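This report concerns only the one structure given below.
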Amino acid sequence: DGDGVGDNSDRYPNDPTETMDSDNDGVGDNADAFPNDATETDDSDDDGFGDNQDVCPTTTGSSYLDRLGCRDTDSDGVSDKNDKFPNNPSEWYDVDDDGYGDNSDACPTEYGLSSMDRNGCLDSDYDGYSDADHTWLISDGADAFPYQSSQWKDSDQDGYGDNVFGYLPDLFPFDPSEWADFDGDGIGDNADPDDDNDGVSDVLDTNDYADTGIILTFDTIRINEQMDYFDAYGEIYICLHWNYDYAQSWAAMDYIYSCSPSGGYWSLEDFKTYDISEYSVFIDLPEIHDTHSFGVSVWDSDAWDDDPVDVNPSSDYNFYYFQISSEEAEETSYYGDGSGDSQGWDGEIGFSVQPTDIRHYGNRDFFWEYDGYTWTYSSELSYSTYARFSTPDEQYVIDL
Numbered sequence: 005d006g007d008g009v010g011d012n013s014d015r016y017p018n019d020p021t022e023t024m025d026s027d028n029d030g031v032g033d034n035a036d037a038f039p040n041d042a043t044e045t046d047d048s049d050d051d052g053f054g055d056n057q058d059v060c061p062t063t064t065g066s067s068y069l070d071r072l073g074c075r076d077t078d079s080d081g082v083s084d085k086n087d088k089f090p091n092n093p094s095e096w097y098d099v100d101d102d103g104y105g106d107n108s109d110a111c112p113t114e115y116g117l118s119s120m121d122r123n124g125c126l127d128s129d130y131d132g133y134s135d136a137d138h139t140w141l142i143s144d145g146a147d148a149f150p151y152q153s154s155q156w157k158d159s160d161q162d163g164y165g166d167n168v169f170g171y172l173p174d175l176f177p178f179d180p181s182e183w184a185d186f187d188g189d190g191i192g193d194n195a196d197p198d199d200d201n202d203g204v205s206d207v208l209d210t211n212d213y214a215d216t217g218i219i220l221t222f223d224t225i226r227i228n229e230q231m232d233y234f235d236a237y238g239e240i241y242i243c244l245h246w247n248y249d250y251a252q253s254w255a256a257m258d259y260i261y262s263c264s265p266s267g268g269y270w271s272l273e274d275f276k277t278y279d280i281s282e283y284s285v286f287i288d289l290p291e292i293h294d295t296h297s298f299g300v301s302v303w304d305s306d307a308w309d310d311d312p313v314d315v316n317p318s319s320d321y322n323f324y325y326f327q328i329s330s331e332e333a334e335e336t337s338y339y340g341d342g343s344g345d346s347q348g349w350d351g352e353i354g355f356s357v358q359p360t361d362i363r364h365y366g367n368r369d370f371f372w373e374y375d376g377y378t379w380t381y382s383s384e385l386s387y388s389t390y391a392r393f394s395t396p397d398e399q400y401v402i403d404l
């Protein structure tokens, strides 16, 4: 064939383009893309994988783990078709189909969405922290509260979570003996001798989990008599009496806490109901006793002696009396009508009492949940000018 190789040693004596067939596959070395591999002769896509074993013989590819010679975008050895993460060279399989590749999935055969302490494990409350199991304990970082999404860590192992905005928060996360600070004074309730900071020791306090106060609102008033001989109007004012010294009888209740309107009276037409709900009184209840007695009196102002208006249905009293429990106080409406007892100057009074926790007036930080978000508000309060507890009987405090 004139190829310069004698016929005795020329494997292809009649083919001037070939002289040898190293792998004895019947294709000369010059035409054989794999001259030393008897199983391959062609590589149509020129990707280094022979057509016989190349699963994608017409598409250039570098995959070699699952299929040979197919496209492998991230060059991790697994073809794009089978690679769950075709653009991530560190991941390719996701056996449990939870979105975490098996290489980084701490629980590759168990569906899970945890992402904070470890990836891809069971997270019952969907807070990012995985449930504990025999290989991963709470001490390793597992969720200390697997069914409470607002808590996951309990550093001091006292049963209260470190997240101060979550359920059962621990305000002292590294002190197993404390978790709550009801009055916000920096001393835990277990060690604090006055949990609600109302000035009454817990030993004596009838309700040491609240500094109870009340807001008394006068709602309506009506005079059912002609109070003045000269016209159809009465000069009316209301007083609130408080049994501040804990007297055991109504007769002993002579302490007037406040009167409305302050320093004057209303000119009210007889036999007409008036809305006076803009007038209210705030009282901080001393909680060394649980029961507090109050009286509401209505008066007609005169030049000489003021006349009491009967607003008590009992013929024994003109004032309307009621009691409140510090521990069990609840919002209550009252109505007094002295018209039916055939005694005194008849009138009607309606008022309501709303209990409140005065601690909230002193706390500077507030937190609440709304529309899926946690909101906060902080205020500055100078205790040097805050005299509610130290001088409750001063007139300017009463006026406030």
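Quick note on numbering: the sequence shown equals residues 5 to 404 in this note's numbering. By construction, the Cβ of each residue, glycine as well, lies at the ideal position given by its N, Cα and C atoms. Computed from a prediction, not measured in an experiment: that's the story for all the values here.
Within its own chain, the residues whose Cβ lies closer than 6 Å to the Cβ of residue 74, once the five positions on either side in sequence are excluded, are 59, 60, 65, 67, 83, listed in chain order. Each of 163, 153, 30, 182 was checked against the Cα of residue 170, and the nearest Cα belongs to 153. In the three-state reduction of the DSSP assignment, residue 142 falls in the helix class.
Between the stretch 272-292 and the stretch 224-234 there are three or more C-beta pairs closer than 8 Å, enough to call the two in contact. Residue burial is scored here from C-beta neighbours: residue 96 has at least 16 other C-beta atoms within 10 angstroms and is therefore classed as buried.
DSSP places residue 299 inside the beta strand (DSSP E), whose first and last residues are 295-304. Every unbroken stretch of the beta strand (DSSP E) spanning 3 or more residues and falling wholly within the stretch 301-367 is given here in chain order: 311-314, 324-329, 336-341, 349-361.
Under the 10 Å beta carbon count, residue 157 is surrounded by 16 or more other beta carbons and is classified as buried. Taking 8 Å as the upper bound for CB-CB distance, residue 247 and residue 297 are in contact here, some 4 Å apart.
Annotated three-state conformation of residue 281 is strand, per DSSP. Here residue 272 really is in contact with residue 240; their C-beta atoms are around 5 Å apart, less than 8 Å.
The C-alpha of residue 43 is placed about 24 Å away from the C-alpha of residue 13. Residue 127 carries a coil assignment under DSSP once its states are collapsed to helix, strand and coil.
With contacts defined as CB atoms closer than 9 Å, residue 194 and residue 205 fail to qualify as a contacting pair. Per the DSSP secondary-structure output, residue 224 pairs in a beta bridge with 279, 354. Only buried fits residue 303, as 16 or more other CB atoms lie within 10 angstroms of its CB.
For residue 263 and residue 270, the gap between their C-alpha atoms comes out near 12 Å.
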